[in-house]
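One structure is given here, and the rest of the page talks about it.
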């Protein structure tokens, strides 16, 4: 049965699907074969009604009262999120953070593979980081333009993030994960997501204060 | 004028305040003294109406037609988020990610300071990482219990994250930033936020697929 994706699915629903996929994968690793929206919801802190409603956008994937077959639901969510393939990823910035990304082993089994590591610093260019030789950022466009690289990660200081984003977009990248703590501007059709730990910490410190008093 | 915080402010509003604070700080660094909800909105991809509504929870901070005084608004948001002080932070996991966190220079000016770095691996314990000596996780509770550490970061593999969370909570931590790609359970009153780059990548790959076809 082909997936019904013609309807407009809210972006906030799409954003929860990776959480469902991750929780299902752990359930499978723990030996479970069937789960319920209730069990998933307890793991994720999301209501079971919300989970059922989210999955109903894609046809439901389960029968009332019998729960979800975990391998089937994993397979379908991988289809929907298009991670039943491997997307090559370019990382820009080979400092501590970029190096940690290059060493990280958790991308590949979830649909992504770091294939290039670029930096502007002559002291880093040519160095080996994990299995990568750091390439000069001046060669980014030439290197990526011949590839089908659509995904990039920015791990450079905030004041260089916009120019790196421009380079990535110029090389055909259409999805950027930005670790630099600054908003970047990209043309329509290019996606950006942000990772800034301090934003999360400040979100929580609001509540810590209340209970100090 | 004291801040009005008695009303119940939606958590999603609190979550946007760190983004406003970050954008305002950059505007100030660029030499601006005054901004508008329109300008802030353009930087952040958030509507100006939303920004005005969010800030109105705290009394508004600006006069109709004259915009916001940036230093004043920064000061007020720092007050609200309680980052006009420094929260000491314990990091657990001194691998590539934990080391990158220990080296990161962007915490302190935004309200947080990494003060401890723990690991369970005897090969890492006692090693120097940035200005830290890696301490054994077996000493976490004794070390933190005498401190006023309320903030912890988890940078260990997924299968160790829950026990590390339990240790942190036992030592008095009430806000956890979890980099391990798994949901953790904590008692009521303890906050958890998550950083998992693959969740962001999978969110974007959904849309990449659509335009491949």
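Protein chains in written order, with the working numbering: chain A, 1 to 213; chain B, 1 to 213.
We put the beta carbon where it would ideally sit given N, CA and C, even for glycine.
Predicted, not measured: the structure shown is a model, and the values here were computed from it.
Under 9 angstroms from the C-beta of residue i: neighbouring residues of chain B
{"i": "residue 111 (chain A)", "result": "198, 201, 202 and 205"}
Under the three-state DSSP convention, the category residue i falls into
{"i": "residue 127 (chain B)", "result": "coil"}
{"i": "residue 208 (chain A)", "result": "helix"}
{"i": "residue 46 (chain B)", "result": "coil"}
{"i": "residue 195 (chain B)", "result": "coil"}
{"i": "residue 4 (chain A)", "result": "Low confidence applies here, because residue 4 (chain A) scores a pLDDT of 45, under 50, leaving its location unreliable; read the following figure in that light. Looking at residue 4 (chain A) - three-state DSSP - the assignment turns out to be coil, as it is neither helix nor strand."}
Neighbouring residues, chain A, relative to residue i (Cβ below 7 angstroms)
{"i": "residue 103 (chain B)", "result": "96"}
{"i": "residue 15 (chain B)", "result": "203"}
{"i": "residue 193 (chain B)", "result": "200, 203 and 204"}
{"i": "residue 19 (chain B)", "result": "199"}
Where residue i meets chain A, residues with beta-carbon distance less than 9 angstroms
{"i": "residue 28 (chain B)", "result": "By Cβ distance, chain A contributes nothing, its closest Cβ being about 13 angstroms from residue 28 (chain B), past 9 angstroms."}
Interface residues of chain B facing residue i [CB-CB closer than 7 angstroms]
{"i": "residue 107 (chain A)", "result": "198"}
{"i": "residue 174 (chain A)", "result": "208"}
{"i": "residue 177 (chain A)", "result": "197, 200 and 201"}
Proximal residues of chain A, C-beta to C-beta of residue i below 8 angstroms
{"i": "residue 23 (chain B)", "result": "183"}
8 angstroms contact criterion, which residue i and residue j should meet: CB distance rounded
{"i": "residue 70 (chain B)", "j": "residue 17 (chain B)", "result": "The pair is not a contact, with the Cβ atoms about 15 angstroms apart (cut-off 8 angstroms)."}
{"i": "residue 147 (chain B)", "j": "residue 88 (chain B)", "result": "6 angstroms"}
{"i": "residue 189 (chain A)", "j": "residue 173 (chain A)", "result": "About 11 angstroms separates the two Cβ atoms, so there is no contact after all."}
{"i": "residue 161 (chain B)", "j": "residue 180 (chain B)", "result": "4 angstroms"}
{"i": "residue 202 (chain B)", "j": "residue 83 (chain A)", "result": "6 angstroms"}
{"i": "residue 276 (chain B)", "j": "residue 129 (chain B)", "result": "The structure shown does not extend to residue 276 (chain B), since chain B is modelled only from 1 through 213, so no value can be given for it."}
{"i": "residue 19 (chain B)", "j": "residue 44 (chain B)", "result": "6 angstroms"}
{"i": "residue 200 (chain A)", "j": "residue 193 (chain B)", "result": "4 angstroms"}
{"i": "residue 114 (chain B)", "j": "residue 101 (chain B)", "result": "7 angstroms"}
{"i": "residue 118 (chain B)", "j": "residue 92 (chain B)", "result": "5 angstroms"}
Problem - Chain-ordered residues of the segment 123 to 151 of chain B with a beta carbon less than 8 angstroms from chain A - result: 150 and 151
Handout entry: chain A contacts from the segment 69 to 99 of chain B (Cβ-Cβ distance under 7 angstroms)
Key = 80, 81, 82, 83, 87, 96, 97 and 99
Practice task
Pull out every residue of the segment 41 to 52 of chain A whose Cβ sits closer than 8 angstroms to any Cβ of chain B, in chain order.
Solution key: 43, 44 and 45
Practice task
Jot down the residue ranges of each uninterrupted alpha helix (DSSP H) in the segment 136 to 191 of chain B, minimum 4 residues, whole runs only, in chain order.
Solution key: 140 to 145 and 158 to 170
Practice task
May I have a chain-ordered list of the alpha helix (DSSP H) segments no shorter than 4 residues that lie completely inside the segment 7 to 37 of chain A?
Solution key: 11 to 29
Exercise for the section: Kindly provide the ranges of any alpha helix (DSSP H) runs that are 4 or more residues long and lie completely inside the segment 54 to 121 of chain B, ordered along the chain. Expected result: 70 to 81 and 96 to 103
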